[in-house]
Ligand code: LLP
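Numbering (this note's numbering), first residue to last: 2 to 464.
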């Protein structure tokens with residue numbers, strides 16, 4: 002991501018402080034469609050609207066902070082992935098990005114499958130009626146109870162992550178008189194160009210079984226011998242917020258290499274490969290993500306070419322996008338509480354949420370955009386840092402951005418592209434109450450995850 006300092010000074014400083022920020026947009030009132038959900042716009046009064054509803058009305062009805070999710074956009078993106086991959090591939094939405102029962106129903110209706118990575122996500126999926134055979138169960142340390150629940154429910158696949166788990170799942174399935182479909186997750190040794198904590202295919206980390214030194218081949222060997230397992234394929238997930246397809250290219254090459262070795266050694270052609278998720282989205286106007294149809298085409302071509310080279314039947318491909326589907330569909334709506342100019346530095350804008358509803362800035366140094374949402378303004382741009390209300394100086398929502406210089410307490414501001422890994426990673430830090438998720442569609446809004454209350458907090462505190 003390229004960053005450049007703005008040549009003109011912000012309102013409160015002659016010289017810009019150190020930082021990573023883009024120049025202010027020519028028009029601070031403009032909403033770049035790259036980072037905002039499809040139906041977002043401004044009404045005649047300049048108020049931001051989504052699904053035909055003004056954010057001022059949403060704030061009044063549901064309070065702030067709130068995650069506002071554009072249901073039509075979610076469905077559009079889910080459908081775009083489904084259509085792009087066609088009927089000879091499967092799209093598993095990665096529930097860890099954001100999962101609720103409404104989301105499960107939308108996925109079901111749009112023909113997507115679901116990847117879950119915990120007993121809680123599995124329970125949510127099943128309780129909303131997702132057919133078990135369309136669920137994939139992930140995790141590097143699934144508990145015996147989670148494994149049993151998944152096998153009993155009849156999930157379509159369990160992705161095995163260690164030698165111990167191969168045995169555990171096999172025993173559980175056998176003891177229940179079942180044969181569980183499984184994939185084996187391998188680490189292909191790719192360095193994904195993303196933050197260290199969200200890169201997952203280099204060898205020195207906790208996920209998967211390394212291809213290097215024959216460990217993955219040994220895992221397949223053992224799994225094929227166990228009656229409780231039906232080994233359907235190999236899984237690789239190289240990381241998250243990735244723009245460059247070259248990592249997938251190397252991953253596909255190495256996974257197909259394993260398929261070839263398995264064929265040569267066991268005479269078995271594994272039927273499926275899963276290339277994981279990880280496709281990046283635009284958090285700021287500098288990010289240029291690829292469209293699902295480009296990704297689908299590239300992945301199909303890579304896998305087909307590799308399989309032809311290895312004289313293998315092309316396996317069925319699956320992918321697991323989370324962020325790329327839900328990320329752009331929601332924004333967080335905050336009310337400004339204080340505006341604190343620091344001469345020669347920047348202006349601190351405090352909002353009524355913070356790291357408890359969006360930990361990504363503090364955790365990954367993530368970049369976000371922000372816009373004044375309750376009105377437009379022609380005031381000069383000022384360089385701001387949007388911060389939360391938590392007792393921690395790292396409690397930053399948007400590190401460097403420009404907002405109109407007349408920003409004042411009571412204004413509503415909106416941070417786009419918060420649909421993924423914000424509500425799902427939200428916490429009760431400082432006993433904050435997690436915000437609701439409000440879904441908007443065709444002029445109607447409804448709460449799909451309600452706001453936490455003091456009662457919720459105190460209910461867990463049993464004295
Ligand atoms: N499949 C597997 C096996 C995964 O581990 C993940 C994400 C995905 C699919 C979906 O990845 P996506 O398409 O959403 O990038 N909390 C971090 C991201 C952690 C991702 C964990 N695994 C963040 O906020 O950036």
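All residues carry an ideal CB built from backbone N, CA and C; glycine is no exception. Computed from a predicted model, the values in this text were never measured in an experiment.
CA-CA distance, residue i and residue j?
i	j	result
residue 129	residue 104	9 Å
residue 383	residue 115	43 Å
residue 165	residue 35	44 Å
residue 377	residue 369	20 Å
residue 303	residue 174	34 Å
residue 184	residue 234	5 Å
residue 240	residue 381	40 Å
residue 410	residue 359	21 Å
residue 10	residue 342	In this predicted model, residue 10 has a pLDDT of only 39, less than 50, meaning its place in the structure is not dependable enough to derive any value.
residue 151	residue 27	53 Å
residue 95	residue 324	8 Å
residue 181	residue 237	19 Å
residue 293	residue 81	6 Å
residue 279	residue 242	5 Å
residue 163	residue 315	26 Å
residue 339	residue 364	24 Å
residue 301	residue 362	34 Å
residue 268	residue 313	11 Å
residue 397	residue 265	54 Å
Going along the chain, which residues of its own chain have a beta-carbon closer than 7 Å to the beta-carbon of residue i, five neighbours each way excluded?
i	result
residue 213	190, 204
residue 307	253, 254, 257
residue 226	none
Let me check you understand the geometry: is the CB of residue i closer than 7 Å to at least one non-hydrogen atom of the ligand SAM?
i	result
residue 139	You won't find the ligand SAM in this model; what it holds is the ligand LLP.
Could you tell me if the beta carbon of residue i falls within a distance shorter than 7 Å of some heavy atom in the ligand LLP?
i	result
residue 97	yes
residue 421	yes
residue 116	yes
residue 309	no
residue 135	no
residue 466	This structure gives no information on residue 466, because the portion of the chain shown stretches from 2 to 464.
residue 322	yes
residue 363	no
residue 130	no
residue 395	no
residue 383	no
residue 242	yes
residue 238	yes
residue 252	no
residue 277	yes
residue 280	yes
residue 325	yes
What residues in its chain sit with their C-beta under 6 Å from that of residue i, if we drop five residues either side in the sequence?
i	result
residue 371	387, 399, 402, 414, 416
residue 346	18
Once the 5 residues before and after residue i are set aside, which same chain residues still bring their CB inside 8 Å of it?
i	result
residue 282	242, 288, 290, 324, 325, 328, 329, 418, 421
residue 391	355, 356, 357, 430, 431, 433
residue 73	39, 40, 52, 442, 443
residue 107	72, 75, 76, 79
Look up residue i in the DSSP assignment and give the residues it is bridged to.
i	result
residue 227	BP columns for residue 227 are empty, so no partner.
(request) Would you check if there are 3 or more beta carbon pairs closer than 8 Å linking the region 424–441 to the region 79–93? (result) no
(message) Would you call the region 60–70 in contact with the region 277–292, where contact means no fewer than 3 C-beta pairs closer than 8 Å?
(response) no
(message) Measuring CB atoms only, is the region 69–79 touching the region 251–261, in the sense that at least three cross pairs come out at less than 8 Å?
(response) With a cut-off of 8 Å on Cβ pairs, the region 69–79 is not in contact with the region 251–261, counting fewer than three such pairs.
(request) Taking 8 Å as the threshold, find out whether the region 143–159 comes into contact with the region 112–126 through three or more Cβ pairs. (result) Between the region 143–159 and the region 112–126, the count of Cβ pairs shorter than 8 Å is three or higher; the stretches touch.
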